[in-house]
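Numbering-wise, this note's numbering comes out as the position in the sequence shown, counting from 1, plus 1342.
Virtual Cβ for every residue (Gly too), placed ideally from N, Cα, C.
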Amino acid sequence: MSDIQLIDSHCHLIFENFEKDIEDVFLRLRAKGVKKLVHACCELTEIPKLKKLSHEFKEVYYSVGLHPLEAKKWKLSSKSLLRRSAQEDRRVVAIGELGLDFFKNEDKTQQIDALIPQMELAYELELPVIIHCRDAANSMIEICKNLSKKGNCPKGVLHCWTGTPKEMKQFLDLGFYISFSGIVTFSKAHEIHECAKIVPNDRYLIETDSPFLAPVPYRGKRNEPAFVEHVAHFIADLRSTDSITIAKESFKNAEDLFKFDLLS
Ligand SMILES: [Zn+2]
């Protein structure tokens, strides 16, 4: 297991709960073979912190964008601020996390008004999007299909996948990747297990979504990138293969999507 190499394709480390032991968090993720991580951005005021973190720790790449549950903060000037942030730092590898969340907020118009310009920006900058989609698969698919028809749908990943196999197929058909989080380790997540079984080798990523959703055996605790190995173990079992294979496939897929290599 010592030569395993992993990418945590989605995490958040700038929240208060990492303030005291961030150095230890990096020691632990290095010990587990985590070579890169993508830090997702929830709102524009986080960007300076993300930039700083990515320059302190060589593993850190990040996205810039506005989360659907923060959609009310979208302003006319937000698009140009995101464009500038993405263009001025080579550690920015995606736009997001963006998307739709009708579970916690049903103001669909507000969320769509923040989503579309970010999708357009990602296409313009040739960056992938990190999509947060909760209880909103049909609307998200429709928006992506419309962009796709016009020929300007960006590439991207459905992060922390919680949909059905049927929904997954539609996103795969649109060219998106699917990312599995610690939820795949929960025993009752049957539909997600099914998705992890059938997703093509070259179309999935793995993530922790730290500090949320710690995988079994850490369920209920603070999550951190070192735990991404447990996500890999569970997916390996579901796909009747070994963790090394899952690590290799998901590593390559994350590199293909985020193109880290072109940056350094
Ligand atoms: Zn997130």
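Check whether residue i and residue j have beta carbons under 9 Å apart
i: Arg1476; j: Phe1445; result: yes
i: Ile1364; j: Val1570; result: no
i: Leu1555; j: Ile1520; result: no
i: Cys1486; j: Glu1549; result: no
i: Ser1405; j: Ala1456; result: no
i: Ile1473; j: Gly1498; result: yes
i: Ile1346; j: Ile1577; result: no
i: Phe1518; j: Gly1505; result: no
i: Tyr1403; j: Arg1433; result: yes
i: Lys1393; j: Ser1427; result: yes
i: Thr1478; j: Leu1442; result: Checking the sequence, you will find Ala at residue 1478 rather than Thr. Yes, Cβ-Cβ distance for Ala1478 and Leu1442 is below 9 Å.
i: Lys1417; j: Glu1385; result: no
Among the options, the one whose alpha carbon lies nearest that of residue i
i: Val1471; options: Ser1422, Ser1552, Leu1500 and Gln1453; result: Leu1500
i: Leu1408; options: Gly1505, Lys1421 and Lys1393; result: Lys1421
i: Ala1574; options: Ile1525, Leu1599, Leu1386 and His1532; result: Ile1525
i: Leu1395; options: Ile1346, Ile1458 and Val1367; result: Val1367
i: Asn1565; options: Leu1599, Cys1353, Lys1415 and Asp1345; result: Cys1353
i: Ser1529; options: Arg1561, Pro1507, Leu1516 and Asp1544; result: Arg1561
i: Leu1424; options: Glu1388, Thr1587, Cys1537 and Glu1361; result: Glu1388
i: Leu1411; options: Phe1399, Thr1451, Pro1390 and Arg1372; result: Thr1451
i: Leu1463; options: Ile1540, Pro1496 and Asp1584; result: Pro1496
i: Asp1431; options: Ser1582, Leu1467 and Arg1370; result: Leu1467
i: Asp1449; options: Ala1413, Asn1595, Glu1484 and Gly1438; result: Ala1413
i: Val1541; options: Val1558, Lys1508, Lys1563 and Thr1527; result: Lys1508
i: Ala1538; options: Leu1489, Leu1580 and Pro1567; result: Leu1580
i: Pro1557; options: Thr1527, Leu1469 and Glu1536; result: Thr1527
i: Met1510; options: Ile1483, Leu1489 and His1532; result: Ile1483
i: Gly1493; options: Ala1596, Leu1516 and Arg1545; result: Leu1516
i: Glu1358; options: Ile1588, Phe1602 and Lys1391; result: Lys1391
i: Ile1588; options: Ser1481, Asp1603, Arg1545 and Ser1419; result: Arg1545
i: Arg1372; options: Cys1383, Asp1603 and Glu1401; result: Glu1401
i: Pro1597; options: Leu1469, Leu1355, Asn1447 and Ile1458; result: Residue identity check: residue 1597 is Glu in the sequence provided, not Pro. Among Leu1469, Leu1355, Asn1447 and Ile1458, the Cα nearest to that of Glu1597 belongs to Leu1469.
Assigned exposure category for residue i - 16 Cβ within 10 Å defines buried
i: Gly1375; result: buried
i: Gln1453; result: buried
i: Asp1551; result: buried
i: Glu1591; result: buried
i: His1381; result: buried
i: Gln1460; result: buried
i: His1572; result: buried
i: Glu1398; result: exposed
i: Met1343; result: Caution is warranted here: a pLDDT of 48 is assigned to Met1343, below 50, making its placement in the model unreliable, and the coordinate value is therefore given only provisionally. Met1343 comes out exposed.
i: Lys1362; result: exposed
i: Ser1582; result: exposed
i: Ser1351; result: buried
i: Leu1369; result: exposed
i: Pro1559; result: exposed
i: Pro1567; result: buried
i: Asn1595; result: buried
Could you please go through the chain and list the residues whose beta-carbon is closer than 6 Å to any non-hydrogen atom of ligand 1? One residue list follows from the rule of a beta carbon closer than 6 Å to any heavy atom of ligand 1, given in chain order as His1352, His1354, Ala1382, Glu1439 and Asp1551.
Completely contained alpha helix (DSSP H) runs for the stretch 1502 to 1565, where each covers 4 or more residues: 1507 to 1515 and 1532 to 1540
Jot down the residue ranges of each uninterrupted beta strand (DSSP E) in the stretch 1383 to 1450, minimum 3 residues, whole runs only, in chain order. Here the runs fully enclosed are 1402 to 1406 and 1434 to 1443.
Can you check the stretch 1345 to 1372 for any alpha helix (DSSP H) of at least 4 residues that lies completely inside it and give the ranges in chain order? none
Whole alpha helix (DSSP H) elements within the stretch 1460 to 1510, 4-residue minimum: 1479 to 1491
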